[in-house]
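Chemist:
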Amino acid sequence: MSIRLSSGEEIPIEMHKTRMVQKIRLVPVEERLKAMEEAGYNTFLLKTKDIFLDMLTDSGVNAMSDNQFAGMMNADDAYAGSMTFYEFAKAVEDVLGYKHVMNAHQGRAAEHLIAKVFAKPGGVVPTNYHFTTTKAHIELQGMQVLEIYYDDALKTESTNQFKGNMDPSKLKNIIKKYGKDKIGFVRMEATTNLIGGQPFSMKNLREIRQICNENQLMMVLDGSLLCENAYLIMQREKGYENKTVAEIVKEMCSVPDLYYMSGRKNTSVRGGMIATNNEKLFEQIKPWLPVYEGFITYGGMSMREIGAMSVGVREMVDPGVAGCSVEQIKYFVNTLSKAGIPVVTPPGGLACHLDAMKFLPHVPQSQYPAGALAAALYIASGIRTMERGTVSMDRDKDGKDVFADVELTRIAVPRRVYTVSHIDYAIDRIQWLYKHRSLVKGLKFVSEPPVLRFFFGRLTALDNWGTNLRDAYKKEMGSA
Ligand SMILES: Cc1ncc(COP(=O)(O)O)c(C=O)c1O
Numbered sequence: 335m336s337i338r339l340s341s342g343e344e345i346p347i348e349m350h351k352t353r354m355v356q357k358i359r360l361v362p363v364e365e366r367l368k369a370m371e372e373a374g375y376n377t378f379l380l381k382t383k384d385i386f387l388d389m390l391t392d393s394g395v396n397a398m399s400d401n402q403f404a405g406m407m408n409a410d411d412a413y414a415g416s417m418t419f420y421e422f423a424k425a426v427e428d429v430l431g432y433k434h435v436m437n438a439h440q441g442r443a444a445e446h447l448i449a450k451v452f453a454k455p456g457g458v459v460p461t462n463y464h465f466t467t468t469k470a471h472i473e474l475q476g477m478q479v480l481e482i483y484y485d486d487a488l489k490t491e492s493t494n495q496f497k498g499n500m501d502p503s504k505l506k507n508i509i510k511k512y513g514k515d516k517i518g519f520v521r522m523e524a525t526t527n528l529i530g531g532q533p534f535s536m537k538n539l540r541e542i543r544q545i546c547n548e549n550q551l552m553m554v555l556d557g558s559l560l561c562e563n564a565y566l567i568m569q570r571e572k573g574y575e576n577k578t579v580a581e582i583v584k585e586m587c588s589v590p591d592l593y594y595m596s597g598r599k600n601t602s603v604r605g606g607m608i609a610t611n612n613e614k615l616f617e618q619i620k621p622w623l624p625v626y627e628g629f630i631t632y633g634g635m636s637m638r639e640i641g642a643m644s645v646g647v648r649e650m651v652d653p654g655v656a657g658c659s660v661e662q663i664k665y666f667v668n669t670l671s672k673a674g675i676p677v678v679t680p681p682g683g684l685a686c687h688l689d690a691m692k693f694l695p696h697v698p699q700s701q702y703p704a705g706a707l708a709a710a711l712y713i714a715s716g717i718r719t720m721e722r723g724t725v726s727m728d729r730d731k732d733g734k735d736v737f738a739d740v741e742l743t744r745i746a747v748p749r750r751v752y753t754v755s756h757i758d759y760a761i762d763r764i765q766w767l768y769k770h771r772s773l774v775k776g777l778k779f780v781s782e783p784p785v786l787r788f789f790f791g792r793l794t795a796l797d798n799w800g801t802n803l804r805d806a807y808k809k810e811m812g813s814a
């Protein structure tokens with residue numbers, strides 16, 4: 335939520351109080367450089383003991399509520415038939431409107447099952463934008479992901495309020511080109527993760543549904559960031575200004591044939607789910623659940639997490655929860671943007687995204703500017719962020735880099751974890767780094783795995799720029 339001060343300024347306001355805390359430590363810049371070198375200039379390989387603000391992701395690191403902890407303690411442990419699962423299923427029906435639900439151990443496990451069961455080898459999956467694990471699972475089933483967004487979705491600075499929309503005319507062309515029998519399913523992602531957490535509108539979701547109906551295509555909604563998309567619809571879409579997040583979420587969920595989500599984001603637990611009102615689709619997936627995840631009443635999750643998840647599903651539509659990180663991100667993005675720092679606009683869900691190609695125009699894409707910026711920001715601040723650019727794309731079959739559409743350094747804002755003063759600190763260090771950006775050079779891979787290389791790949795700093803950045807920082811700011 336946000337609140338207007340008597341001065342007229344609007345600030346994000348936390349609709350919760352802190353009753354349990356974890357100590358964090360800002361290690362000196364000398365140690366930060368050493369840690370970055372040991373991590374092979376890959377922020378995934380840092381250890382949390384060296385991290386001040388962990389803004390790598392909003393996944394599995396959100397603060398749970400007191401009632402969620404109570405839900406964990408009350409969980410009914412059973413291999414089969416746990417009452418905790420039935421409480422969860424009731425919450426899903428009440429909040430999302432789905433009669434059938436199964437858990438999976440996280441979002442990508444749901445993606446695995448859906449891609450496997452509905453695979454059309456040699457076919458395609460049109461989507462408003464891919465997510466890394468989604469793409470990997472679809473491709474592993476022999477299908478190709480086709481991204482069909484409006485042209486300005488990749489313009490990092492924009493006033494388009496719904497850059498997550500799918501372009502209906504492009505979808506129609508794809509259906510004509512490939513034929514509907516070659517389309518596995520049509521996938522909509524709520525607040526497209528990789529292009530800046532940008533939402534789609536309800537109008538667009540319905541337009542795409544209409545095309546799916548006309549062509550008997552299955553529509554799948556990835557609702558990992560469902561509530562942020564709903565909150566942004568409430569703020570931005572005509573006709574929704576007086577609806578609640580809960581009403582918008584229900585309406586969004588009534589549109590697709592099949593719904594899945596990572597529970598690690600909106601529900602603040604470690605798990606996932608697939609849900610639907612189409613019994614036939616549900617029955618097609620169900621036999622595979624025990625093969626890959628577990629029995630139908632636990633699906634690879636612990637009953638404790640399911641207990642917390644059933645509370646999380648009910649709480650996630652509270653505007654104080656759905657809007658918590660959205661409002662912090664708005665403040666973060668607008669302040670940086672006013673200071674002339676290249677960030678993705680308009681602000682979306684999930685994170686504040688720096689446009690690394692504009693921040694480091696002297697670093698070519700072949701030298702991974704978004705990865706270099708993530709490493710530099712860690713050295714200058716102790717803040718861990720994530721590369722979402724070419725490092726996050728795997729090589730093509732000839733071993734060549736596939737350049738990402740956009741090179742973003744993602745500064746995630748986990749739900750209910752950080753305060754506005756933490757964000758002010760981040761803003762300050764980003765501004766310092768921007769002034770010294772010429773010191774930051776590119777990166778080169780030293781070793782990399784063949785798939786999802788951003789997780790384990792190791793890189794090195796060209797011309798040893800990390801040392802120069804450390805020295806400049808120390809001279810001006812001291813060690814901290
Ligand atoms: C849009 C989207 N889909 C799927 C996933 C995968 O979920 P998980 O990390 O729980 O496997 C993510 C994770 O970040 C995501 O953002």
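For any residue, its number in the working numbering is found by taking its place in the sequence shown, counting from 1, and adding 334.
No residue lacks a Cβ here, since even glycine has one placed at the ideal position from N, Cα and C.
These numbers were taken from a predicted model, which means no experiment stands behind them.
To which residues does DSSP link lysine 778 through a beta bridge?
Modeler: The partner list for lysine 778 (beta bridge, DSSP) reads Thr794.
Chemist: Three-state secondary structure (DSSP) at threonine 743?
Modeler: Looking at threonine 743 - three-state DSSP - the assignment turns out to be strand.
Chemist: Please report the distance separating the alpha-carbon of threonine 719 from that of asparagine 396.
Modeler: Threonine 719 and asparagine 396: Cα-Cα distance of roughly 15 Å.
Chemist: Given a threshold of 16 other Cβ atoms within 10 Å of its Cβ, counted over all protein chains shown, does lysine 775 qualify as buried or as exposed?
Modeler: The residue is buried, with at least 16 neighbouring Cβ atoms inside 10 Å.
Chemist: With a threshold of 7 Å (Cβ to nearest heavy atom), would threonine 352 be considered close to ligand 1?
Modeler: Because no heavy atom of ligand 1 lies under 7 Å away, the Cβ of threonine 352 does not count as near it: no.
Chemist: Taking 7 Å as the cut-off, is the CB of aspartate 591 close to at least one heavy atom of ligand 1?
Modeler: No - ligand 1 has no heavy atom lying nearer than 7 Å to the Cβ of aspartate 591.
Chemist: Could you spell out the range, first to last residue, of the beta strand (DSSP E) harbouring glycine 606?
Modeler: Element bounds for glycine 606: 606-610.
Chemist: According to DSSP, simplified to helix, strand and coil, what is glutamate 364?
Modeler: Of the three classes helix, strand and coil, the one that applies to glutamate 364 here is helix, per DSSP.
Chemist: Just to confirm before moving on: does the CB-CB distance between valine 458 and isoleucine 542 stay below 8 Å?
Modeler: Contact flag unset, no.
Chemist: Does ligand 2 have a heavy atom nearer than 7 Å to the CB of glutamine 440?
Modeler: Ligand 2 is not part of the structure shown, which contains ligand 1 as its ligands.
Chemist: If you draw a straight line from the C-alpha of phenylalanine 378 to the C-alpha of glycine 513, how long is it?
Modeler: When rounded, the distance between both Cα atoms is 41 Å.
Chemist: Smallest Cα separation from histidine 756: which of Phe789, Gln544 and Phe666?
Modeler: The candidate whose alpha carbon is nearest that of histidine 756 is Phe666.
Chemist: Based on the DSSP output, what are the partners of leucine 566 in its beta bridges?
Modeler: Bridge partners of leucine 566: none, in fact.
Chemist: Using the Cβ count rule (16 or more neighbours within 10 Å means buried), how would you classify valine 645?
Modeler: Under this definition valine 645 is a buried residue.
Chemist: Can you list, in chain order, the residues of its chain whose CB lies under 7 Å from that of alanine 453, leaving out five sequence neighbours each side?
Modeler: Only Gln475, Gly476, Met477 and Gly518 meet the Cβ criterion.
Chemist: Could you give the DSSP three-state label for threonine 391: helix, strand or coil?
Modeler: It is coil, neither helix nor strand.
Chemist: Compare the C-alpha of tyrosine 626 against each of Leu390, Ala423, Asn527 and His446 and name the closest.
Modeler: The shortest Cα separation from tyrosine 626 among Leu390, Ala423, Asn527 and His446 belongs to His446.
Chemist: Starting from serine 659, trace the alpha helix (DSSP H) both ways and give me its first and last residue.
Modeler: Unbroken alpha helix (DSSP H) run through serine 659: 658-672.
Chemist: Tell whether a beta-carbon distance below 8 Å holds between glycine 716 and leucine 387.
Modeler: Closer than 8 Å, so yes.
Chemist: Should threonine 719 be listed as close to ligand 1, given that the test is whether its C-beta is under 7 Å from any heavy atom?
Modeler: Threonine 719 Cβ: outside cutoff for every heavy atom of ligand 1.
Chemist: For asparagine 437, which beta-bridge partners are listed by DSSP?
Modeler: Looking at the DSSP assignment, asparagine 437 forms a beta bridge with Met607.
Chemist: In whole angstroms, what is the alpha-carbon distance linking valine 647 and valine 429?
Modeler: Roughly 7 Å separates the two Cα atoms.
Chemist: Name the two residues that bound the continuous beta strand (DSSP E) containing methionine 720.
Modeler: 720-722 is the extent of the beta strand (DSSP E) around methionine 720.
Chemist: Within its chain, find whatever has a CB closer than 8 Å to the CB of alanine 404; leave out the 5 residues flanking it on each side and keep chain order.
Modeler: Closer than 8 Å at the Cβ level, and outside the excluded window around alanine 404, lie Val645.
Chemist: Helix or strand or just coil, what does DSSP make of valine 579?
Modeler: Helix, per DSSP.
Chemist: Taking 6 Å as the limit between beta carbons, can you name the residues of its chain near serine 558, skipping five residues before and five after?
Modeler: Excluding positions up to five away in sequence, the list reads Gly441, Met595, Ser596 and Lys599.
Chemist: With H, G and I counted as helix, E and B as strand and the rest as coil, what does DSSP make of glutamine 701?
Modeler: Note: glutamine 701 maps to helix in three-state DSSP.
Chemist: Are there any heavy atoms of ligand 1 lying less than 7 Å away from the beta-carbon of aspartate 515, as far as the coordinates show?
Modeler: Aspartate 515: no, Cβ never under 7 Å from ligand 1.
Chemist: Following the continuous beta strand (DSSP E) through valine 520, name the residue where it begins and the one where it ends.
Modeler: It spans 520-523 - the beta strand (DSSP E) in which valine 520 sits, taken as one unbroken run.
Chemist: How should arginine 824 be labelled, buried or exposed, when 16 other C-beta atoms within 10 angstroms of its C-beta is the threshold for buried?
Modeler: Any question about residue 824 goes unanswered here, given that the chain covers just 335 to 814.
Chemist: Where do the N-terminal and C-terminal ends of the beta strand (DSSP E) with proline 621 fall, by residue?
Modeler: Proline 621 -> no beta strand (DSSP E), and no H or E assigned at all.
Chemist: What's the gap between the Cα of arginine 771 and the Cα of alanine 690?
Modeler: The straight-line gap from Cα to Cα measures roughly 11 Å.
Chemist: Where do the ends of the alpha helix (DSSP H) carrying isoleucine 640 lie?
Modeler: Note, isoleucine 640: alpha helix (DSSP H), 637-649.
Chemist: Less than 7 Å between the CB of arginine 598 and some heavy atom of ligand 1, yes or no?
Modeler: True, at least one ligand heavy atom lies under 7 Å from that Cβ.
Chemist: Could you tell me which uninterrupted beta strand (DSSP E) segments, each at least 3 residues in length, are contained entirely in the region 405-477, listed from first to last along the chain?
Modeler: Fully enclosed beta strand (DSSP E) runs of 3 or longer: 434-438 and 458-461.
Chemist: Could you spell out where the beta strand (DSSP E) holding glutamate 344 opens and where it closes?
Modeler: Taken as a continuous stretch (DSSP letters only), the beta strand (DSSP E) holding glutamate 344 covers 344-346.
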